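K.L.:
Take -13 as the starting number for the sequence shown in this note's numbering and just add one per residue. Backbone N, C-alpha and C define an ideal beta-carbon position, used for all residues, glycine too. From a predicted model like this one, the values you see are computed outputs, not experimental measurements. Mind looking over this structure? Questions follow.
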Amino acid sequence: MFYVDLAKALDKEFEDKSLKEILDASPAALPGIIDAKAAALKELLGVKTIRDLGSNKYFAVAGVLVALEGKAG
């Protein structure tokens, strides 16, 4: 078993939730994503949950590109 401190990565009300509850929550549970932005993610990209956000192909590709940035020649 392992422990990850997500206190600064989540809104206060989600700090003590289970991983499943966090993944099933709206992206608005993340600091800086207000309800209006979460609604836009849902409308434009079909992202309804943090799980959807983390597994979205566009965000995944962007993450890989950022990770490769320092390694590209």
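Report the rounded CA-to-CA distance for Ala(-7) versus Ile36, giving the unit in angstroms.
P.N.:
Annotation: Ala(-7) to Ile36 spans about 16 angstroms, alpha carbon to alpha carbon.
K.L.:
Apart from the five residues on each side of it in sequence, which residues of its chain come closer than 8 angstroms, Cβ to Cβ, to Ala(-5)?
P.N.:
Around Ala(-5): Leu16, Pro17.
K.L.:
Can you name the start and end residues of the alpha helix (DSSP H) that Gly40 belongs to?
P.N.:
In this chain, the alpha helix (DSSP H) harbouring Gly40 covers 36 to 41.
K.L.:
Is it the case that the Cβ atoms of Ala11 and Asp21 are separated by a distance below 7 angstroms?
P.N.:
Contact: no.
K.L.:
Starting from the C-beta of Leu34, find all residues in its chain whose C-beta is less than 6 angstroms away, skip the five residues before and the five after it, and write them out in chain order.
P.N.:
Correcting the residue type first, residue 34 is Lys in the shown sequence and not Leu. So the list reads Lys28, once near-sequence residues are dropped.
K.L.:
Helix, strand or coil for Glu(-1) per DSSP?
P.N.:
Correct three-state label for Glu(-1): helix.
K.L.:
Kindly give me the distance between the Cβ atoms of Leu30 and Asn42, rounded to whole angstroms, as I take these residues to be in contact under 8 angstroms.
P.N.:
Between Asn42 and Leu30 the Cβ distance is about 11 angstroms, and since that is not below 8 angstroms, they are no contact.
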